[in-house]
Amino acid sequence: MARVRMSDVAAAAGVSTATVSMVLSGAGTDRISPQTQARVRAAAEAIGYAPNSVARSLRTQRTRMIGLISDTIATTPFAGRMLAGANDAAREHGYLVVLVNTDDDEAQEQQAIRALTGQRVDAMVYARMWHRVVKVPAGLPADTVFLDCRPAQGGWPAVVPDDRQGGVAATRELVAAGHRRIAYVDAPEQDDVVASRLRHQGYLQVLAEAGIAPDPALHVRGRTDAWGGRAATAELLDLPAERRPTAVFCFNDRMAMGAYTAAHHRGLSIPGDLSIVGYDDQQLIAAELDPPLTTVALPHYEMGRWAMEVALGLRESDRDSPLLMDCPMIRRDSVGPPPIPAGN
Numbered sequence: 553m554a555r556v557r558m559s560d561v562a563a564a565a566g567v568s569t570a571t572v573s574m575v576l577s578g579a580g581t582d583r584i585s586p587q588t589q590a591r592v593r594a595a596a597e598a599i600g601y602a603p604n605s606v607a608r609s610l611r612t613q614r615t616r617m618i619g620l621i622s623d624t625i626a627t628t629p630f631a632g633r634m635l636a637g638a639n640d641a642a643r644e645h646g647y648l649v650v651l652v653n654t655d656d657d658e659a660q661e662q663q664a665i666r667a668l669t670g671q672r673v674d675a676m677v678y679a680r681m682w683h684r685v686v687k688v689p690a691g692l693p694a695d696t697v698f699l700d701c702r703p704a705q706g707g708w709p710a711v712v713p714d715d716r717q718g719g720v721a722a723t724r725e726l727v728a729a730g731h732r733r734i735a736y737v738d739a740p741e742q743d744d745v746v747a748s749r750l751r752h753q754g755y756l757q758v759l760a761e762a763g764i765a766p767d768p769a770l771h772v773r774g775r776t777d778a779w780g781g782r783a784a785t786a787e788l789l790d791l792p793a794e795r796r797p798t799a800v801f802c803f804n805d806r807m808a809m810g811a812y813t814a815a816h817h818r819g820l821s822i823p824g825d826l827s828i829v830g831y832d833d834q835q836l837i838a839a840e841l842d843p844p845l846t847t848v849a850l851p852h853y854e855m856g857r858w859a860m861e862v863a864l865g866l867r868e869s870d871r872d873s874p875l876l877m878d879c880p881m882i883r884r885d886s887v888g889p890p891p892i893p894a895g896n
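In structure tokens form, the structure reads like this:
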């Protein structure tokens, strides 16, 4: 028989899932009428709702603190929206987020886990800077939610961006504009960074759909910053004219910024001579470039909010596979049709 969910109680009582959570956990019930509380409890009993283990711990421990352990998110500007989403969800339900940034140091991470569990935080969120596979650290509570990373072992709730779908969206944008020579400027090859691999898979999928044979010379790697993007794009622009790309899909917006520089140093215009698509929709970069960059947005805020709502017991989650969150296309002015070859 299917498990009764909190959303089923909400539907039966005619209230929101958040209201059900507050009534059944006893949090914030001073804002809910006694009649509504009684209706929620009656609906829960009638349909046989049993709170999950996270909700039970929130109700019994009641420190009203949620631990959030990250590697470098708190010290980098372009992933802070994950923290904002998590913090907003926690604050709306009367919880305080205790953030520890470990700088990707395993000893600091273990110290953080011991400190937060010692403080009896009501739940834990474990976040990483970008989509990757992670080994589950020793000592993490069983109901920890993984944010922007997927645990190597199954059985944990997790949310990650749908990077394959994002690679598909970016490449389709360029194919739709008429491009056939499309390059992918990729990150360095690392086994644990699945974002690179998935975006490349999306790129190859669209080339196959469009009947375009992939050219290994158009898949280049570089550092994931502006200098890396500049060097990789310069390598592409050094190819013979007949093999040179008319469009470039970059692993992230910082690499795309470097691609702009490489193009401008060759006297090329964007998008007249070279179309460019980035990834991240990074603040202070994508919309500020000249011309503004067409890019795929990472749903940082939405992922942070989802992870916190799962930690608070407000959402159900599948422990067998991570939630893949859509990465929307942000269209600006860096994509146009391919240039007309000289002499035509």
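Remember, our numbering sits 552 above the position in the sequence shown when you count from 1. The beta-carbon is built from N, C-alpha and C at its ideal position, and this holds for glycine as well. Note that the coordinates shown come from a computational prediction; the quantities given were computed from them, not determined experimentally.
| Query | Result |
| --- | --- |
| Let me know if Ser-605 comes out buried or exposed under the rule of 16 or more other beta-carbons within 10 Å of its beta-carbon. | The pLDDT assigned to Ser-605 is 47, lower than 50, so where the model puts this residue is not dependable, and the model offers no usable value. |
| How far does the beta strand (DSSP E) with His-752 in it extend, from its first residue to its last? | Element bounds for His-752: not the beta strand (DSSP E) but the alpha helix (DSSP H), 746 to 761. |
| For Met-558, which three-state DSSP category applies? | helix |
| I need the straight-line Cα distance from Leu-576 to Arg-557, nearest angstrom please. | 13 Å |
| Specify the secondary structure class of His-771 as computed by DSSP and reduced to three states. | strand |
| With burial defined as no fewer than 16 other Cβ atoms inside 10 Å of the residue's Cβ, what is the status of His-817: buried or exposed? | exposed |
| Under the DSSP definition of a beta bridge, which residues are partnered with Arg-633? | According to DSSP, which records beta bridges pairwise, Arg-633 is partnered with nothing at all. |
| Evaluate the contact criterion for the region 821 to 841 versus the region 613 to 622: three or more CB pairs, one atom per stretch, below 8 Å. | no |
| Rounded to the nearest angstrom, what separates Arg-763 and Leu-756 at their Cα positions? | It is Gly, not Arg, that sits at residue 763 in the sequence shown. One C-alpha to the other measures close to 11 Å. |
| For my contact list, Thr-588 and Thr-569 are in at a C-beta cut-off of 8 Å; report their separation, rounded to the angstrom. | Thr-588 to Thr-569, Cβ: 14 Å. No contact. |
| Run through DSSP, which three-state label would Gly-600 get? | coil |
| Do Pro-740 and Arg-773 have their beta-carbon atoms positioned less than 8 Å apart in this structure? | yes |
| Under a three-way DSSP split, which group does Tyr-853 fall into? | helix |
| Can you give me the C-alpha to C-alpha distance between Val-561 and Met-574, rounded to a whole angstrom? | 12 Å |
| Measuring only the C-alpha atoms, how far is Arg-903 from Val-688? | This structure does not reach residue 903, given that the chain is present from 553 up to 896, and the question cannot be answered. |
| What does the alpha-carbon distance come out to for the pair Ala-642 and Asn-804? | 29 Å |
| How about Gly-691 and Ile-665: do their beta carbons lie closer than 8 Å? | yes |
| DSSP on Pro-889, reduced to helix/strand/coil? | coil |
| Put Val-572 into one of helix, strand or coil per three-state DSSP. | helix |
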